[in-house]
Amino acid sequence: MRTWRAAPPRRRRGTAPLDRLLTAVEDVDTDDELDDEAKAAGLRIAERLTRRWAADPNPPIALDARRTRIPAWTTTIRAAASSTAAPIQKVTDAASGLEYIRAPGSSSGTRITVSASGDLPAAADLVRVRVLDGGTTPDLLIPLSPTENDRLAGRVITTRIAMSDELEGSIADVSSLDAADALAITESVHAAPIAGRNAWRRIAKRYPDDHPVRAAVLEGLRRR
14 MRTWRAAPPR
24 RRRGTAPLDR
34 LLTAVEDVDT
44 DDELDDEAKA
54 AGLRIAERLT
64 RRWAADPNPP
74 IALDARRTRI
84 PAWTTTIRAA
94 ASSTAAPIQK
104 VTDAASGLEY
114 IRAPGSSSGT
124 RITVSASGDL
134 PAAADLVRVR
144 VLDGGTTPDL
154 LIPLSPTEND
164 RLAGRVITTR
174 IAMSDELEGS
184 IADVSSLDAA
194 DALAITESVH
204 AAPIAGRNAW
214 RRIAKRYPDD
224 HPVRAAVLEG
234 LRRR
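Take any residue in the sequence shown, count from 1 to its spot, add 13: that is its number in the numbering used here.
So this is what it looks like as structure tokens:
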């Protein structure tokens with residue numbers, strides 16, 4: 014049978030060590046060395062720590078970690094003589110504010126346009142488009158620039174991506190580019206229209222003359 018001892022003299026607030034307070038939380042009914050006020054303080058501390066350190070079951074995904082799947086567009090492309098417009102694929106990622114549009118090019122290749130609304134992503138950002146075939150097709154990097162209607166947009170026209178390819182789009186900061194992206198940069202500059210090539214020129218100016226990113230941009234600009 015449990016016996017009860019008289020409570021010790023009341024302690025001054027704040028004199029109980031933190032570890033004893035937390036220990037008391039584990040079994041507030043059996044630690045008789047702490048008075049009720051100290052035990053209550055331990056419970057409050059534990060509750061605050063629990064709220065602060067508890068993992069969020071659905072943490073927000075960083076913008077630069079988002080991946081947008083762009084499924085293969087398998088609709089048969091109509092003959093050029095047809096009066097009906099060729100199919101256009103649109104995929105929107107509401108969380109990042111990005112819209113991807115894929116359509117057959119006017120002559121050959123595939124046109125991929127990316128536009129953004131809202132405050133994100135920043136004008137300095139790139140959109141990386143990757144072919145999900147497990148092959149060696151270089152990524153396409155599309156710099157976003159301000160447009161006349163207060164949006165950000167970029168475009169490429171390429172023969173390396175078909176309407177039937179499954180793609181993945183993601184945001185990449187310019188500062189993350191390095192030598193490993195050299196081939197993708199050169200191909201992307203070559204596939205960019207005038208506005209995109211000008212955006213690449215601005216990016217190249219951020220790097221010293223001997224930097225691989227700058228060299229890759231210049232190589233793409235030399236191609237016709």
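Positions of the beta carbon are idealized from the N, C-alpha and C atoms, including for glycine.
Lys174 by DSSP, collapsed to three states: which one?
Locating residue 174 in the sequence shown gives position 161, where the first residue counts as 1. The amino acid occupying residue 174 in the given sequence is Ile; Lys does not appear at that position. Ile174 carries a coil assignment under DSSP once its states are collapsed to helix, strand and coil.
Return the Cβ separation of Val142 and Ile155 in integer angstroms, given the expectation that the two are a contact with Cβ distance under 8 Å.
The residue you call residue 142 lines up with position 129 of the sequence shown. The residue you call residue 155 lines up with position 142 of the sequence shown. Your pair Val142 and Ile155 checks out as a contact, with CB atoms roughly 7 Å apart and the cut at 8 Å.
Delimiting residues of the beta strand (DSSP E) encompassing Ser183
Here residue 183 refers to the residue found at position 170 of the sequence shown. Note, Ser183: beta strand (DSSP E), Leu180 to Asp186.
For Ser189, three-class secondary structure by DSSP:
Position 176 of the sequence shown, counted from the first residue, corresponds to residue 189. Here Ser189 sits in helix by DSSP.
So, using beta-carbon positions, are Thr123 and Thr172 closer together than 9 Å?
Residue numbering aside, residue 123 sits at position 110 when the sequence shown is read from its first letter. Residue numbering aside, residue 172 sits at position 159 when the sequence shown is read from its first letter. Annotated as proximal: Thr123 and Thr172, with beta-carbon spacing under 9 Å.
Go ahead and pull the three-state DSSP assignment for Ile198.
What you label residue 198 is simply residue 185 of the sequence shown in a count that begins at 1. Helix.
With DSSP run on the structure shown, which of helix, strand or coil describes Gly233?
Within the sequence shown, the letter at position 220 stands for residue 233. Three-state DSSP puts Gly233 in a helix.
Gly209 by DSSP, collapsed to three states: which one?
Indexing the sequence shown from 1 puts residue 209 at position 196. If DSSP states are grouped into helix, strand and coil, Gly209 belongs with the helices.
Contacting residues, own chain, Cβ-Cβ under 6 Å from Arg4 (five flanking each side not counted):
Nothing about residue 4 can be reported from this structure: the residues present for the chain run from 14 to 237 only.
Tell me the residue span of the beta strand (DSSP E) that contains Arg143.
On the sequence shown, residue 143 is found 130 positions in, with the first residue counted as 1. Start and end: Asp138 to Val144.
Buried/exposed call for Glu50, threshold 16 Cβ in 10 Å
Residue 50 sits at position 37 when you count from the first residue of the sequence shown. Exposed, since its Cβ has fewer than 16 Cβ neighbours within 10 Å.
Indicate whether Pro117 and Val104 have their beta-carbon atoms separated by less than 9 Å.
Taking the sequence shown and counting its residues from 1, one reaches residue 117 at position 104. Taking the sequence shown and counting its residues from 1, one reaches residue 104 at position 91. Judged by beta-carbon spacing, Val104 lies beyond the 9 Å limit of Pro117, meaning their Cβ atoms are not closer than that value.
In or out: Ala108 buried (at least 16 other Cβ within 10 Å) or exposed?
For the purposes of this step, residue 108 is taken as the residue at position 95 of the sequence shown. When all chains shown are included, Ala108 counts as exposed.
With the cut-off set at 9 Å, would you say Ala205 and Arg168 are in Cβ contact?
Against the sequence shown, residue 205 aligns to sequence position 192. Against the sequence shown, residue 168 aligns to sequence position 155. In contact: Ala205 and Arg168 (Cβ atoms closer than 9 Å).
Ordered along the chain, which non-local residues of its own chain (more than five positions away) have a Cβ less than 7 Å from that of Asp152?
For this step, residue 152 is matched to residue 139 along the sequence shown. If we look at Asp152 and ignore the five residues flanking it on each side, its Cβ neighbours are Arg141, Val142, Arg143 and Ala197.
Buried or exposed: Glu112, going by 16 or more other Cβ atoms within 10 Å of its Cβ?
If you number the sequence shown from 1, residue 112 lands on position 99. Glu112 is classed as buried because its beta carbon has at least 16 other beta carbons within 10 Å across all chains shown.
Taking Cβ positions, are Val226 and Asp191 nearer each other than 9 Å?
Looking up residue 226 in the sequence shown gives position 213. Looking up residue 191 in the sequence shown gives position 178. The answer is yes: Cβ separation under 9 Å.
Limits of the unbroken beta strand (DSSP E) element including Ile101:
As a position in the sequence shown, residue 101 is number 88, starting the count at 1. Per DSSP, Ile101 belongs to no beta strand (DSSP E) and is neither H nor E.
Assuming contact is defined by CB atoms lying nearer than 9 Å, are Ala208 and Ala229 in contact in what I supplied?
Along the sequence shown, read from residue 1 onward, the residue named residue 208 stands at position 195. Along the sequence shown, read from residue 1 onward, the residue named residue 229 stands at position 216. No. Outside cutoff.
Residues bridged to Gly167 by DSSP?
The sequence position of residue 167 within the sequence shown is 154, counting from 1. BP columns for Gly167 point to Val127.
Three-state secondary structure (DSSP) of Glu60
Walking along the sequence shown from the start, residue 60 turns up at place 47. Looking at Glu60 - three-state DSSP - the assignment turns out to be helix.
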